[in-house]
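Trainee: I'd like to ask some things about the structure below.
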Amino acid sequence: MSTNPLFAPFALKSLQLKNRIVMAPMTRSFSPNGVPGADVAAYYRRRAEGQVGLILSEGTVVERPASSNDPNIPHFYGEQALAGWQHVIDEVHAAGGKMGPQLWHMGVMSGHRSGWKPTEAFEGPSGLLKPGEATGKAMTENDITDTIAAFARAAADAQRLGFDCLELHGAHGYLIDQFFWAGMNERTDHYGGPSLPDRSRLAVELVEEVRRHVGEDFVISLRLSQWKQQDYAVKLAHTPQEMEAWLQPLADAGVDIFHCSQRRFWEPEFENEGSDLNFAGWVKKLTGKTTITVGSVGLSGEFLAGFAGEASEPSGIEELLRRLDRNEFDLVAVGRQLIVDPNWVEKIQQGRADEMKGFSRETLATLV
Numbered sequence: 024m025s026t027n028p029l030f031a032p033f034a035l036k037s038l039q040l041k042n043r044i045v046m047a048p049m050t051r052s053f054s055p056n057g058v059p060g061a062d063v064a065a066y067y068r069r070r071a072e073g074q075v076g077l078i079l080s081e082g083t084v085v086e087r088p089a090s091s092n093d094p095n096i097p098h099f100y101g102e103q104a105l106a107g108w109q110h111v112i113d114e115v116h117a118a119g120g121k122m123g124p125q126l127w128h129m130g131v132m133s134g135h136r137s138g139w140k141p142t143e144a145f146e147g148p149s150g151l152l153k154p155g156e157a158t159g160k161a162m163t164e165n166d167i168t169d170t171i172a173a174f175a176r177a178a179a180d181a182q183r184l185g186f187d188c189l190e191l192h193g194a195h196g197y198l199i200d201q202f203f204w205a206g207m208n209e210r211t212d213h214y215g216g217p218s219l220p221d222r223s224r225l226a227v228e229l230v231e232e233v234r235r236h237v238g239e240d241f242v243i244s245l246r247l248s249q250w251k252q253q254d255y256a257v258k259l260a261h262t263p264q265e266m267e268a269w270l271q272p273l274a275d276a277g278v279d280i281f282h283c284s285q286r287r288f289w290e291p292e293f294e295n296e297g298s299d300l301n302f303a304g305w306v307k308k309l310t311g312k313t314t315i316t317v318g319s320v321g322l323s324g325e326f327l328a329g330f331a332g333e334a335s336e337p338s339g340i341e342e343l344l345r346r347l348d349r350n351e352f353d354l355v356a357v358g359r360q361l362i363v364d365p366n367w368v369e370k371i372q373q374g375r376a377d378e379m380k381g382f383s384r385e386t387l388a389t390l391v
């Protein structure tokens with residue numbers, strides 16, 4: 024099939040992209056004490072030089088005492104870290120690229136394998152590491168207010184530094200997603216409740232506050248997933264009706280793009296609806312918003328297995344092109360292929376399939 028659908032330009036508000044390919048956020052842990060250095064800037068610049076349409080940074084945490092469980096995850100606060108991010112975006116722009124930071128709070132997590140821990144207890148909606156297991160603290164309303172403010176400050180800083188958009192990490196069992204999930208959110212106040220829309224109030228208020236800080240023309244993406252790192256089989260929305268009730272308030276609050284994470288992008292989201300639409304396809308249909316699909320693009324194995332040690336080989340993208348050509352979604356995020364090969368986009372465009380690289384966990388040891 025022609026790769027032309029991947030290389031059509033895309034425009035949304037102030038965001039102008041040369042093609043439909045997004046570098047997915049992928050944690051790299053190369054920022055000692057939370058400060059991204061020249062090696063991180065060069066890493067992202069190489070992807071801009073390789074013609075990635077939009078680069079989304081690895082998750083970068085907001086200003087809360089226990090927003091991270093890893094001392095080498097970058098921060099998006101503090102003079103040194105923000106100076107590091109200024110260098111990153113300057114390098115990306117010098118290479119003709121576009122980029123947004125992914126703003127993150129991990130919520131209740133396990134400690135780092137090194138034994139490092141934050142100065143305060145991990146925090147979440149109910150202090151749960153996973154359903155039924157409390158290892159952290161339940162956030163007070165003051166904690167929640169301060170967290171929303173921290174995201175808004177980071178968003179304003181992203182705009183001030185010259186980033187082209189931003190993404191909020193609301194997926195994969197991290198803080199925002201912990202509020203969505205009934206198994207992790209047992210609250211009885213304004214931020215909990217029996218329904219998914221009830222448990223979405225933190226996310227709605229957070230998006231509204233971010234929007235207030237960046238204005239109407241700055242693009243806000245929200246990454247979502249049905250599956251969780253704590254339980255791959257979980258679904259927040261079991262029907263299109265439940266999904267619409269969950270996402271429409273977020274769209275109304277100011278989300279421009281829904282970044283829809285699946286383990287395998289080709290799998291239908293709802294098996295009993297007589298449709299092969301994937302997660303991003305359903306979200307676009309239900310909200311009318313721009314969507315990004317992601318999940319094992321260009322590789323034979325899915326990414327969780329890849330990070331666990333299972334090697335993956337390059338695979339074709341014909342199914343991806345077919346779905347993009349029928350406008351099932353708007354943009355395509357690629358993770359592991361762009362970790363191992365900054366020139367993957369050019370190879371796809373030029374038909375250089377014999378030069379594609381596979382992925383193994385060992386490739387994570389360096390910034391290629």
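The opening residue of the sequence shown carries number 24 in this note's numbering; numbering runs sequentially from there. The beta carbon of each residue, even a glycine, is placed where N, CA and C say it ideally should be.
Give the range of the beta strand (DSSP E) segment to which Arg287 is assigned.
Mentor: Here Arg287 belongs to no beta strand (DSSP E), and DSSP marks it neither H nor E.
Trainee: What residue range does the beta strand (DSSP E) around Pro97 cover?
Mentor: Where Pro97 is concerned, there is no enclosing beta strand (DSSP E), given that its DSSP letter is neither H nor E.
Trainee: For Pro124, does the three-state DSSP call read helix, strand or coil?
Mentor: Of the three classes helix, strand and coil, the one that applies to Pro124 here is strand, per DSSP.
Trainee: Within a Cβ cutoff of 7 Å, which residues of the same chain sit near Ser323, ignoring the five residues on either side of it in sequence?
Mentor: The residues are Ser335, Glu336 and Ser338.
Trainee: Indicate the three-state DSSP secondary structure (helix, strand or coil) for Lys41 in the structure shown.
Mentor: Note: Lys41 maps to coil in three-state DSSP.
Trainee: Check this for me: beta carbons of Pro13 and Gly57, under 8 Å apart or not?
Mentor: Summary: the structure shown does not reach residue 13, with the chain confined to residues 24 through 391, and so no result is reported for it.
Trainee: So which of Gln264, Glu351, Leu259 and Ala65 has the shortest CA-CA distance to Glu296?
Mentor: Comparing Cα-Cα distances from Glu296 to each of Gln264, Glu351, Leu259 and Ala65, the minimum goes to Gln264.
Trainee: In chain order, what residues of the same chain have a beta carbon less than 7 Å from the beta carbon of Leu273, not counting five sequence neighbours either side?
Mentor: Around Leu273: Ser223, Ala226, Val227, Val230 and Leu245.
Trainee: If the criterion is Cβ atoms closer than 8 Å, does the pair Gln182 and Val237 meet it?
Mentor: Closer than 8 Å, so yes.
Trainee: Looking only at its own chain, which residues have a Cβ that is under 7 Å from the Cβ of Phe187, when we skip the five neighbours before and after it?
Mentor: The amino acid at residue 187 is misidentified as Phe; the sequence shows Asp. The answer, listed in chain order, is Leu38, Lys121, Met122 and Gly123.
Trainee: Could you check whether the segment 96 to 111 touches the segment 58 to 68, counting it as contact only if at least three pairs of C-beta atoms, one from each stretch, sit closer than 8 Å?
Mentor: Flag = yes, the segment 96 to 111 and the segment 58 to 68 touch.
Trainee: For Val45 versus Val257, is the C-beta distance shorter than 8 Å?
Mentor: The answer is no: Cβ separation not under 8 Å.
Trainee: If I follow the unbroken alpha helix (DSSP H) through Glu267, where does it start and stop?
Mentor: Pro263 to Ala276 is the extent of the alpha helix (DSSP H) around Glu267.
Trainee: Per the DSSP calculation, Phe382 is bridged to which residue(s)?
Mentor: According to DSSP, which records beta bridges pairwise, Phe382 is partnered with Ser335.
Trainee: Could you check the C-alpha separation between Gly185 and Gly155 for me, to the nearest Å?
Mentor: Gly185 and Gly155: Cα-Cα distance of roughly 43 Å.
Trainee: Less than 7 Å between C-beta atoms, sequence neighbours within five positions excluded: which residues of the same chain meet that for Asp180?
Mentor: Same-chain partners within the cutoff: Phe99 and Leu105.
Trainee: Using the three-state DSSP reduction, which class does Ile340 fall into: helix, strand or coil?
Mentor: Coil, per DSSP.
Trainee: Rounding to the nearest angstrom, what Cα-Cα distance links Ala47 and Leu79 in this structure?
Mentor: Each residue's Cα considered, the two are about 6 Å apart.
Trainee: If we require 3 or more residues per run, which beta strand (DSSP E) segments fall completely within the segment 233 to 259?
Mentor: Counting whole runs of 3 or more residues, the segment 233 to 259 contains the beta strand (DSSP E) stretches 242 to 248.
Trainee: May I have the straight-line CA-CA distance separating Val391 from Val363, to the nearest angstrom?
Mentor: C-alpha separation (whole angstroms): 6 Å.
Trainee: From Glu267, Asp275 and Trp250, pick the residue whose C-alpha is nearest to that of Arg286; which is it?
Mentor: That would be Trp250, whose Cα lies nearest to the Cα of Arg286.
Trainee: At 4 residues or longer, what runs of the alpha helix (DSSP H) sit wholly inside the segment 40 to 83?
Mentor: Here the runs fully enclosed are 61 to 72.
Trainee: Could you tell me the boundaries of the beta strand (DSSP E) in which Lys153 lies?
Mentor: First-last of the beta strand (DSSP E) with Lys153: Leu151 to Lys153.
Trainee: Looking only at its chain, what residues have a beta carbon closer than 7 Å to the beta carbon of Asp275, apart from the 5 residues adjacent to it on each side?
Mentor: Same-chain partners within the cutoff: there are none.
Trainee: Go ahead and label Thr142 buried or exposed: buried means 16 or more other beta carbons lie within 10 angstroms of its beta carbon, across all protein chains shown.
Mentor: Answer is exposed; the Cβ neighbour count stays below 16.
Trainee: Does DSSP put His282 in a helix, a strand or coil?
Mentor: Of the three classes helix, strand and coil, the one that applies to His282 here is strand, per DSSP.
Trainee: Determine which residues share a DSSP beta bridge with Gly147 and list them.
Mentor: Looking at the DSSP assignment, Gly147 forms a beta bridge with Ala161.
Trainee: Mind checking Gly277: buried by the 16 CB within 10 Å criterion, or exposed?
Mentor: Buried: at least 16 other Cβ atoms inside 10 Å.
Trainee: The alpha helix (DSSP H) that contains Val368, what's its start and end?
Mentor: Val368 -> alpha helix (DSSP H) spans Trp367 to Gln372.
Trainee: Taking C-beta to C-beta, are Val85 and Phe30 nearer than 8 Å?
Mentor: No; because the gap between Cβ atoms is not below 8 Å, this pair is not in contact.
Trainee: Pick from Glu232, Asn42 and Thr50: whose alpha carbon is nearest that of Ala71?
Mentor: If we check each option's Cα against that of Ala71, Asn42 comes out closest.
Trainee: Determine the closest residue to Ser25 out of Lys380, Asp377 and Ile340, with distance taken between C-alpha atoms.
Mentor: Ranking Lys380, Asp377 and Ile340 by Cα distance to Ser25 puts Ile340 first.
Trainee: How is the beta strand (DSSP E) around Ala192 delimited, first residue to last?
Mentor: A quick correction: the sequence has His, not Ala, at residue 192. Where His192 is concerned, the enclosing beta strand (DSSP E) stretches over Cys188 to His192.
Trainee: State the beta-bridge partners of Thr211 as determined by DSSP.
Mentor: Answer is none; Thr211 lacks a bridge partner.
Trainee: Looking at the structure shown, is Phe33 part of a helix, part of a strand, or coil, going by DSSP?
Mentor: Phe33: strand per DSSP, three-state reduction.
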